[in-house]
Amino acid sequence: MICSALLSAAAGTEYTAAMSRSGISIQRLVDLSLFSRVIAVEPPWGKFYLMTALLNETGVERIETPDGYKLLMQPEPAPTDFHLNEYSVEIRRDEVIVTFDGATVPGRPAEMEYSALMIPERLIRGASYTATQADGTARDGTIPEEWVLQARTLCEQLTKIVFHTKWGEYTVEVLDGFPLTMVDRRGFGFDVGYDTETPGIWIGSAFPLPEATGCRNVTAVRFDFKPALTFDESLAPTGSAEAIPVEQLISMPENLPARLPAVKEFTRISDERLPPVSYTLALPPEFAGADAGRLTRAAARLNDDSDAPAKTIAVHFSAQLKPEEYCLRNAPEAVEITAATPRGVFYALQTLNMYREDHCEIRDFPDMDLRSVLIMVDQNSLQVHGEIIEKLLAPLKINHLFIECEYAAWEALRDVRPEWAISKADLRRLIELANDNFIDVSPLFQTMGHSEYLFANGRNRELAEDDTLKVYNARHPGIRPLMTRVLDEVVEVFNHPEYLHIGHDEIGNEATYPQLPANRQIGGRKLIIEDVLFYYDYCRRNDLRMVLWNDMFVFTTPAGEAGSHFNLDEELAALPKDIIFAYWNYDDAIPAAAIEKLHAAGFELIGCTWYSPANNASMAQWIKRYHALGMMVTTWAGYQCTDRLLADHADQVAAYLFAAVYGWDNRPEAGRFSQTNELNLRLFPDWSDPAGPGTLWDLSPIANLSLAPDSHPFADEPDPGYFEHLAAPLGCAAAFQIAKRDGAPAVVALASSLHPAFPGSVEIALNRSARRLFFLHTIGRADVMLKTNQVVATAEIIYQDGGRQTVPIRFKKEIAGISDDYNVHLPKFRCVEWSDSTGEPVRNWYFVWENPRPEAEIASIRLTGDRRIPYYLLGLSSQ
């Protein structure tokens with residue numbers, strides 16, 4: 016039995032279905048399928064003839080039938096390049112019938128993609144199955160409990176499959192038409208990038224369809240619950256929430272930043288705690304000129320108490336040390352730093368700031384020569400990235416910054432310049448700020464593969480390879496003079512940098528590139544090589560090291576092997592070996608084949624990562640093994656939204672810590688810290704909730720779900736330990752009164768696929784005014800891929816005078832999952848956390864709502880959920 020309760024799910028439960036922008040969804044008390052769609056597109060994936068997922072409900076007709084009803088999709092307007100004869104879902108007493116019938120028109124062959132079903136992960140996890148293929152072959156298998164971050168085909172050419180799940184028996188049977196394929200997309204939601212992005216087990220088919228040809232599929236769906244299966248019923252309320260006044264609602268827990276990156280050698284001279292001081296820098300003659308000014312300013316930034324006694328930092332030069340190595344002695348009478356370069360001195364100053372109270376000696380140096388991040392810039396970058404440089408990158412000893420800059424205000428591209436472009440003056444100041452913190456700066460200027468910027472405002476279409484306006488025509492006589500002019504500007508603004516990163520990735524494959532007839536005769540391979548060598552010659556003439564992405568020459572296939580577009584890997588032997596490949600791979604476990612192939616071909620490499628901790632840890636070990644130049648943490652956010660960079664993409668900014676930490680200390684265990692907590696502590700060191708008296712609200716009378724372990728409150732989900740750990744003190748800054756029912760912790764739960772019989776809304780009576788409300792809550796595993804800012808529930812504040820305020824509860828803004836990390840909206844001090852039986856963190860979050868009408872009495876709060884996302888209110892307080 017999955018849940019304890021009295022509501023029988025086996026008898027009298029009808030099938031239901033809906034048609035919406037997400038296609039067809041099917042339910043029988045629980046969700047059976049979340050998503051469907053039909054796509055017909057011009058080969059090879061060019062113009063869309065039909066995409067049903069973009070339709071809205073005005074295109075759906077409901078037809079009553081003797082046995083139920085039928086929903087029929089009516090495209091509006093009707094497509095002219097593809098005939099959709101029928102796309103429908105029919106509800107019958109004992110089954111659901113999904114029908115797709117369509118045909119191409121003369122002169123319009125198509126690539127077809129038919130998504131018949133998307134079975135929720137929760138329903139199907141661990142299920143065994145038996146299947147029949149079109150040729151009569153019988154197959155059997157099991158849906159793994161765990162999934163991987165990629166799509167995996169489980170079975171093809173299916174005409175019938177029966178899943179034996181924890182909930183019951185789920186049958187999918189093709190009654191007519193083409194067979195179907197089953198793909199595990201639980202770790203890589205189908206329809207990635209669309210509002211309909213959904214994880215689960217995908218049942219569908221993809222195939223080419225010649226012109227004037229029909230295709231048809233009629234599939235029956237049946238789900239029979241286990242006879243003894245029951246679901247939780249919502250506990251009946253016993254009264255209203257009760258107010259408990261407290262003298263102090265907020266108590267900020269201690270949370271100090273970690274000393275990152277870790278030093279190589281640390282010797283404590285004594286346990287004496289050194290008092291606050293004001294530092295004065297004494298430099299040797301070897302460190303004169305501009306470097307002396309930079310170091311003097313860096314030392315001055317360590318002084319936060321002007322009345323503290325002075326202490327001299329005596330700097331000594333030693334040619335025996337490595338370029339970034341330093342020795343530091345912090346004693347009561349003075350500080351001594353020994354280094355071979357001004358940069359070594361600068362890094363010693365950053366370390367001194369971490370150990371200023373310790374009587375100690377330190378010897379330190381980095382494991383990687385290049386510790387870099389890639390950023391995108393716009394009109395707000397000087398302020399936003401300037402703060403990140405001073406508070407994050409410099410103290411963490413990042414030594415290189417790559418700036419993607421094709422959208423800056425270049426004179427050569429005046430006609431296509433966006434309104435939000437960073438000015439050349441601001442870009443210069445940003446570079447100067449980085450240089451002042453001993454961070455070198457190099458440009459990434461996208462060339463062939465991402466040249467969309469050239470075609471903005473309807474300009475330069477004659478330079479395009481095709482109507483997608485993503486790739487320029489490398490053989491057009493105007494393209495190379497134009498690129499030369501703009502690169503000359505770039506090199507000048509960046510003060511003749513060490514590297515020029517030309518991008519040159521994602522140009523296309525043999526099916527999509529080139530498109531111009533003359534270029535087809537030449538071939539994609541030759542065009543790409545010619546273009547790469549053009550930029551290589553430019554770099555050689557200007558004394559620059561050229562960097563480019565790896566994926567056109569060598570990439571990692573889904574099977575973990577080394578692939579190549581246009582067989583460009585065969586050109587590696589002839590390419591100049593002073594080209595640097597920026598090898599990007601964002602997998603958590605990076606296969607060796609691709610990076611090994613580039614290394615064996617004799618190229619220097621930069622390992623490029625994204626924001627996943629596991630991805631950065633994996634890449635760091637490959638960098639160490641193949642003696643790569645170092646690491647670049649990439650940021651794919653910032654254009655047009657740098658002012659929202661931290662609000663919407665803090666996880667990407669927090670990953671900068673990995674470039675610093677692994678670049679300095681390349682041990683796997685070096686990355687065992689919360690990067691987002693460290694980000695918050697460095698960028699927002701004074702953030703706290705306001706102190707003062709408040710009110711705890713005891714929700715016991717309205718709590719409708721007991722968290723007692725024997726009641727299986729989260730259905731077939733593992734028990735994350737709420738019964739044991741939801742007790743005072745909670746460990747977060749704000750205090751809450753945890754509800755109890757029959758002696759066990761309890762919560763307010765809303766209807767979801769875990770709790771289908773619970774109410775969709777719950778109202779909590781307050782009848783008092785409040786300046787702010789504190790909501791402690793959590794979510795269970797959702798049936799959709801949750802995205803930042805996605806609304807998972809709403810809290811409607813209802814005032815006694817009839818006024819209302821709707822408060823959206825958004826993913827990673829007001830709430831997050833139990834395994835999610837902290838962010839700039841949900842810091843560590845707003846988290847109730849513990850470790851589950853496997854050692855993994857369980858995190859529950861609270862957010863603070865500031866009342867715009869603090870003088871008005873609040874009558875009640877109405878919580879409303881989304882049944883796809885299990886929502887639980889754990890506690891409520893006010894102030």
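Numbering follows the working numbering, with no gaps: position 750 of the sequence shown is 765. Cβ atoms here follow ideal geometry from the backbone N, Cα and C, with glycine treated the same way.
Worksheet item: Which residues does DSSP pair with G192 in a beta bridge?
Response: Taking the sequence shown and counting its residues from 1, one reaches residue 192 at position 177. Note: G192 sits in a beta bridge opposite N232.
Discussion item. Taking its Cβ as the centre, do 16 or more other Cβ atoms sit within 10 Å of L271, making it buried, or is it exposed?
Written reply: As a position in the sequence shown, residue 271 is number 256, starting the count at 1. It is exposed - the Cβ of L271 has fewer than 16 other Cβ atoms within 10 Å.
Discussion item. I'd like to check one pair, L367 with G355: are the Cβ atoms closer than 7 Å?
Written reply: Here residue 355 refers to the residue found at position 340 when the sequence shown is read from its first residue. Here residue 367 refers to the residue found at position 352 when the sequence shown is read from its first residue. Sequence check: residue 355 is Ala here, not Gly. No; because the gap between Cβ atoms is not below 7 Å, this pair is not in contact.
Item to complete: Per DSSP, which residues does N859 bridge with? Please list them.
Response: Along the sequence shown, one-based indexing puts residue 859 at 844. Per DSSP, the beta-bridge partners of N859 are V847.
Worksheet item: With burial defined as no fewer than 16 other Cβ atoms inside 10 Å of the residue's Cβ, what is the status of Q263: buried or exposed?
Response: On the sequence shown, residue 263 is found 248 positions in, with the first residue counted as 1. Exposed is the call here.
Practice prompt. Would you list the one or two residues that DSSP bridges to I638?
Written response: Indexing the sequence shown from 1 puts residue 638 at position 623. In the DSSP output, where bridge partners are listed per residue, I638 has none listed.
Worksheet entry | Three-state class that DSSP yields for T657 in the structure shown | Here the question's residue 657 lines up with position 642 in the sequence shown. It is helical.
Worksheet entry | H429, buried or exposed, once every other Cβ within 10 Å from all chains shown has been counted against 16 | Position 414 of the sequence shown, counted from the start, is the residue given in the question as residue 429. According to the sequence displayed, residue 429 carries Arg and not His. By the C-beta density criterion, R429 is exposed, having fewer than 16 other C-beta atoms within 10 angstroms.
Worksheet item: What's the call for T157, buried or exposed, on a 16-neighbour Cβ count within 10 Å?
Response: As a working note, residue 157 is residue 142 in the sequence shown. Exposed.
Worksheet item: If you draw a straight line from the C-alpha of I594 to the C-alpha of A329, how long is it?
Response: Counting from 1 along the sequence shown, the entry for residue 594 is found at position 579. Counting from 1 along the sequence shown, the entry for residue 329 is found at position 314. Answer to the nearest angstrom: the Cα atoms are 41 Å apart.
Worksheet item: For the candidate residues Q536, F581, E257, C230, whose alpha-carbon lies nearest to that of I543?
Response: Walking along the sequence shown from the start, residue 543 turns up at place 528. The shortest Cα separation from I543 among Q536, F581, E257, C230 belongs to F581.
Worksheet item: Mind checking I259: buried by the 16 CB within 10 Å criterion, or exposed?
Response: Numbered from 1 along the sequence shown, position 244 holds the residue referred to as residue 259. Exposed, since its Cβ has fewer than 16 Cβ neighbours within 10 Å.
Fill in: Best match in T119, P496, E160 for proximity to P225 [C-alpha to C-alpha]
As a first step, residue 225 is located in the sequence shown; it is residue number 210 there, counting from the start. The shortest C-alpha to C-alpha distance from P225 to any of T119, P496, E160 is the one to T119.
Fill in: Euclidean distance between Cα positions of E188 and L195
Looking up residue 188 in the sequence shown gives position 173. Looking up residue 195 in the sequence shown gives position 180. The straight-line gap from Cα to Cα measures roughly 9 Å.
Worksheet item: By how many angstroms is the C-alpha of E257 removed from the C-alpha of Y886?
Response: As a first step, residue 886 is located in the sequence shown; it is residue number 871 there, counting from the start. As a first step, residue 257 is located in the sequence shown; it is residue number 242 there, counting from the start. Answer to the nearest angstrom: the Cα atoms are 22 Å apart.
Worksheet item: With DSSP run on the structure shown, which of helix, strand or coil describes V360?
Response: Residue numbering aside, residue 360 sits at position 345 when the sequence shown is read from its first letter. Helix at V360.
Worksheet item: In chain order, what residues of the same chain have a beta carbon less than 6 Å from the beta carbon of L672, not counting five sequence neighbours either side?
Response: Here the question's residue 672 lines up with position 657 in the sequence shown. The residues are Q690, E693.
Discussion item. Using only CA atoms, which one of G401, L408, I610, A748 lies nearest to E447?
Written reply: One-based indexing of the sequence shown puts residue 447 at position 432. When only C-alpha atoms are compared, the closest one is G401.
Item to complete: Count the other C-beta atoms from every protein chain shown that fall within 10 angstroms of the C-beta of R201, then say buried if there are 16 or more, exposed otherwise.
Response: In the sequence shown, counting from the first residue as 1, residue 201 sits at position 186. R201 is buried by the Cβ-count criterion.
Worksheet item: Assuming N600 contacts T571 under a Cβ cut-off of 8 Å, what Cβ separation, rounded to an integer in Å, is found between them?
Response: To locate residue 600, count along the sequence shown from 1; it is residue 585. To locate residue 571, count along the sequence shown from 1; it is residue 556. So it is a contact: roughly 6 Å between Cβ atoms.
Worksheet entry | Simplified DSSP state of H465, which is helix, strand or coil | Residue 465 sits at position 450 when you count from the first residue of the sequence shown. Reduced to three states, the DSSP call for H465 is coil.
Worksheet entry | Sequence-distant residues of its chain with Cβ nearer than 7 Å to Q655 (five each side left out) | Position 640 of the sequence shown holds residue 655. Same-chain partners within the cutoff: D393, W435.
Item to complete: With DSSP collapsed to three states, give me the class of C747.
Response: For this step, residue 747 is matched to residue 732 along the sequence shown. Reduced to three states, the DSSP call for C747 is coil.
Practice prompt. Determine which residues share a DSSP beta bridge with N345 and list them.
Written response: Residue 345 sits at position 330 when you count from the first residue of the sequence shown. According to DSSP, which records beta bridges pairwise, N345 is partnered with V350, C375.
Worksheet item: When the cut-off is 7 Å and only beta carbons count, does G854 lie next to chain C?
Response: Absent from the structure is chain C; it holds one protein chain and no more.
Worksheet item: Is DSSP giving L889 helix, strand or coil here?
Response: To locate residue 889, count along the sequence shown from 1; it is residue 874. The answer is strand: DSSP assigns L889 an E or B state.
Worksheet item: Looking at C-alpha atoms only, which residue of E105, P299, S776, M88 is the closest neighbour of T31?
Response: For the purposes of this step, residue 31 is identified with residue 16 of the sequence shown, where counting begins at 1. Of the candidates E105, P299, S776, M88, the one whose C-alpha sits nearest the C-alpha of T31 is E105.
Worksheet entry | Sufficient close CB pairs (3 or more, under 8 Å) joining the region 872-883 to the region 775-782 | As far as the Cβ criterion goes, the region 872-883 touches the region 775-782, which means the pair count is three or higher.
Fill in: One or two residues paired with A810 in a DSSP bridge
As a working mapping, residue 810 is identified with position 795 in the sequence shown. Answer by DSSP bridge pairing, in chain order: V822, L878.
Worksheet item: Alpha carbon to alpha carbon, what distance is there between I794 and H740?
Response: Position 725 of the sequence shown holds residue 740. Position 779 of the sequence shown holds residue 794. One C-alpha to the other measures close to 17 Å.
Discussion item. Please list the terminal residues of the continuous alpha helix (DSSP H) segment that includes T80.
Written reply: For this step, residue 80 is matched to residue 65 along the sequence shown. T80 -> not in any alpha helix (DSSP H); beta strand (DSSP E) instead, spanning 75-80.
Fill in: Whole-angstrom distance between P606 and S715, CA atom to CA atom
Sequence index remark: in the sequence shown, residue 715 carries index 700 (1-based). Sequence index remark: in the sequence shown, residue 606 carries index 591 (1-based). Roughly 52 Å between the two C-alpha positions.
Fill in: N- and C-terminal bounds of the alpha helix (DSSP H) containing P496
By 1-based counting over the sequence shown, the position of residue 496 is 481. Unbroken alpha helix (DSSP H) run through P496: 494-508.
Discussion item. Please state the DSSP three-state secondary structure of F97.
Written reply: Position 82 of the sequence shown, counted from the start, is the residue given in the question as residue 97. F97: strand per DSSP, three-state reduction.
Item to complete: Can you give me the Cβ contacts of V806 inside the same chain, cut-off strictly under 6 Å, excluding the 5 residues immediately before and after it?
Response: What you label residue 806 is simply residue 791 of the sequence shown in a count that begins at 1. Here the set comprises P823, R825.
Practice prompt. May I have a chain-ordered list of the beta strand (DSSP E) segments no shorter than 3 residues that lie completely inside the region 398-427?
Written response: The region 398-427 contains, as complete beta strand (DSSP E) runs of 3+ residues, the segments 415-419 (chain order).
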